[in-house]
Amino acid sequence: MNKLLQHAAAIFLIGATAASVASADDATTSGGLKIKTADGKFEFGIGGRIQLDGVLFDEGKIEEIPTNTANATTSGVYVRRSYLTLTGKLYDWRFKFENDFTAGQSPNSIREMWVSHQVFGGDLIIGQHKPFRSIEELTSSNEILLMERPMLTNSLLAGGNRQYQPGVFYKRPINTDFGFFLAQASVYDAAHPLGNNAGQGFGTSERLTWLAYDANDMKLHLGAWGGIDDFGKGGNETVAPGSVTYAGRNSATQVLGPTQVIGGASGSSETFWGVELAGTYGPVFLQSEYAETRWEDTAVQADGRTIDRIEAVTVQGSVFLTGETKTYKKDRGTFGSPKVNSPIGAVELVARYDKILNQDRSAGDGVCNSAYPTAAPSRTGEGCYVQQYTVGANYYVNPAVRFMFNYIRGDNNVTGDNTSSYNARVQLAF
C-alpha cells in the first residue's frame with residue numbers, strides 16, 4: 010500500500026505542478042475532475058469506479074458431487090472493483106495511472122500505467138496496457154453488457170491472468186471512403202504483469218476493426234485479431250490455463266464458483282485468433298465473437314500429442330426499453346454505454362450465450378476429468394466443454410450510476426454439473 014500511495018502521490022504532484030506552472034484557468038467536472046491550462050499544454054484528471062456485487066448460488070444439480078461445485082456457502086456480497094484513475098498531459102505526452110485497490114497490494118493491483126505520444130498519425134503507448142485482442146476484452150468494465158465478461162476472454166485468453174501486460178503498443182485511426190478503420194498492434198512481456206518476475210518470453214497481438222456503416226443510431230462493426238505468446242523454455246503460462254469458471258463468482262481475487270478444467274497446462278506457447286461482429290439498430294444492440302487458441306506442450310494425450318486446441322463463441326445482445334442506443338468508441342473499436350438524458354434513466358434488457366470447447370480432449374480425458382477418473386459412458390466421446398446462459402437487466406440512473414442484475418445458468422459435460430446463480434451490482438463511475 011505504501012508503494013501505491015507513493016506512485017499516486019508522485020503522479021498527482023507532477024500533474025498539479027505542471028498545471029500551476031502554466032496558470033490553469035479551465036476546470037471541468039463532466040465525468041470526473043479535470044484541470045487544463047489555457048494554452049492546452051498541461052492537463053490533469055481524476056476518475057474512479059466502485060462496483061459492489063452480490064451473488065446467490067443455488068445447489069448444483071450434478072451426477073457426481075465434485076469438491077468445487079457451488080453451494081449456499083459460496084453466496085455473499087463483495088467489492089468487485091475499486092479503481093482510482095489519474096490521467097493527464099504534459100506538453101505532447103499523455104499519461105495514465107490506474108489502480109484497483111480490491112486486487113491487493115501494488116504492483117499487482119496496478120491496471121494501466123503508461124505514457125503515450127502521437128507518431129505517424131497514431132498513438133504510441135509505452136508501459137502497462139491491455140494487449141489489443143477481442144472487442145469484449147477491450148470494452149471498459151464500466152461499460153460491459155453483463156457483470157462479467159464471457160468465457161472467451163476470461164478463460165480462453167489465459168484466464169485474465171495476463172490481462173494487462175508491460176510493453177509497447179500502437180494504434181492508428183484510418184478514415185476512408187469505405188468506412189472507419191482502427192489498426193492496433195502490441196508487443197509485450199508474455200508471462201507476467203508489471204511488478205512480477207519478468208523475462209519469460211514475449212507476446213504480440215494485432216487487431217483491425219472496420220466501422221463499415223455509421224448513420225445516426227445504426228452502426229455495423231467488424232473486426233479480426235490474432236497473435237502469439239511465446240513463453241520460452243521452462244515458461245509457464247499460468248497455474249491452470251484450462252480452468253473455466255462458470256455460473257458466477259463471489260470474490261474479486263478468488264473464484265469460488267464452480268470450476269471445470271478443459272485443458273492441460275502450457276509450457277511453451279499460445280497462438281490465438283478471433284473475429285468480431287457487432288452493431289446497433291436504434292435501441293437494439295448485438296455483438297458476437299468467435300476465437301480459437303492453440304496451447305503447445307500440454308499434458309500428453311493418448312495418441313502422444315501435446316497440443317490443446319480450444320475454441321470459444323459468445324453471442325450477446327440487448328434492447329433499451331426507454332429508447333436509448335449504445336455509443337461507439339472509435340479510439341477503442343468498441344461499443345459503450347448510452348447517453349442518459351431522461352430524468353427517469355435508461356432501462357436495458359440483456360442476454361448472452363457463451364461456450365468454450367476443447368477440440369482435442371474428450372469429456373472422459375484424464376485432464377478434463379482429473380477429479381473423476383471414471384466418466385459416464387455418455388460423456389467419454391464428446392469434446393469437453395463448458396457453457397453458460399445469462400439474462401438480466403441494467404438500469405442507468407444517470408451517466409455515473411448503474412444497477413445490474415444477471416441470472417446465470419452454467420453447465421459442463423464432464424461432471425454433469427448444472428449450477429445457477431443470481432447476481433446484482435451497484436456501480437458508481439466518474
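Quick note, this note's numbering runs 9 ahead of the 1-based positions in the sequence shown. Cβ coordinates follow ideal geometry from the N, Cα and C atoms, glycine included. Just so we're clear, the structure is a prediction, and the values are computed from it rather than from any experiment.
Return the CA-CA distance between residue i and residue j, expressed in angstroms with no decimal places.
i	j	result
Q436	T315	43 Å
N415	I135	37 Å
T424	C377	9 Å
L165	G49	43 Å
P175	D306	25 Å
A287	T343	9 Å
Y87	V128	42 Å
G150	R89	Per the sequence shown, residue 150 should be read as Ser rather than Gly. Cα to Cα, S150 sits roughly 11 Å from R89.
T78	S351	Bear in mind that a pLDDT of 48 at T78, under 50, signals an unreliable position, so the model cannot answer this.
T389	G419	At T389, the pLDDT of 49 sits below 50, so the modelled position is not reliable; the number obtained from the coordinates is stated separately. Distance between the alpha carbons of T389 and G419 is about 20 Å.
N367	T302	10 Å
E246	Y173	Its pLDDT being 46, under 50, E246 is placed unreliably by the model, and nothing is read from it.
S84	N225	43 Å
L42	D67	42 Å
G232	T94	28 Å
L161	K364	8 Å
V284	P116	33 Å
S278	S214	13 Å
M227	Q114	43 Å
V328	G210	43 Å
D426	F187	48 Å
L229	T185	15 Å
N163	F110	20 Å
Over the uninterrupted alpha helix (DSSP H) stretch that includes residue i, give me the two end residues.
i	result
I144	I144 to L147
For residue i, which beta-bridge partners are listed by DSSP?
i	result
G132	The identity of residue 132 in the sequence shown is Asp, whereas the question assumes Gly. Bridge partners of D132: Q127 and K180.
R411	Y405 and Q436
E285	G232 and E298
L441	This structure cannot speak to residue 441, because the chain is shown only from 10 to 439.
V64	G85 and N432
N427	D420
V322	Y299 and K364
E107	T94 and E121
M227	A224 and Y290
G57	L93
T280	I237 and R303
I316	E305
Y173	According to DSSP, which records beta bridges pairwise, Y173 is partnered with nothing at all.
T336	G345
Q114	None; Q114 has no bridge partner.
T399	R361 and I417
G392	S371
E152	Answer is none; E152 lacks a bridge partner.
E52	K45 and K98
Mind reading off the beta-carbon distance from residue i to residue j? Whole number of angstroms is fine, and I expect it under 8 Å.
i	j	result
Y431	L61	That belief does not hold up - the Cβ atoms of Y431 and L61 are roughly 15 Å apart, past 8 Å.
S143	A300	7 Å
K98	E52	4 Å
E298	T280	Rounded, the Cβ-Cβ distance is 17 Å, inconsistent with contact.
G235	W282	3 Å
R193	F141	The sequence shown places Gln at residue 193, not Arg. Contact flag correct, Cβ pair sits at about 4 Å.
V359	G401	5 Å
R341	L147	5 Å
Span of the beta strand (DSSP E) holding residue i?
i	result
T218	F211 to A224
L330	Premise fails: L330 is in no beta strand (DSSP E) and is neither H nor E.
G257	Element bounds for G257: n/a, residue is neither H nor E.
V423	That residue, V423, is in no beta strand (DSSP E); it is neither H nor E in DSSP.
V86	G85 to L99
N367	A355 to S371
L42	L42 to T46
Note down, in chain order, each residue of its chain lying with its Cβ closer than 6 Å to the Cβ of residue i, except the 5 sequence neighbours on either side.
i	result
G212	Y197, A199 and D238
M413	M156, N403 and R434
Q325	L154, Q296 and R361
F178	I134, H138 and S195
V461	As shown, the chain starts at 10 and ends at 439. That puts residue 461 outside it, with no answer to give.
I59	S91 and L437
G63	V86 and A433
M122	F106, G136 and Q137
V406	G354
R158	E145
E333	P347 and A355
Distance cutoff 7 Å, beta carbons only. Does residue i sit that close to anything in chain D?
i	result
K139	Of the protein chains in the structure, only one exists, and it is not chain D.
Keeping to the same chain, check which residues put their C-beta closer than 8 Å to that of residue i; ignore five residues upstream and five downstream.
i	result
P408	G40, S346, K348 and V349
F189	P182, I183, W219, L220, D223 and K339
H126	D101, W102, R103, D132 and L133
L217	F190, L191, A192, Q193, G232, A233 and W234
Below 7 Å CB to CB, which residues in the same chain sit around residue i once its five sequence neighbours on both sides are set aside?
i	result
G130	R181
I417	A256, G257, Q397, T399, S429, S430 and N432
K335	T289, F294, F344, G345 and P347
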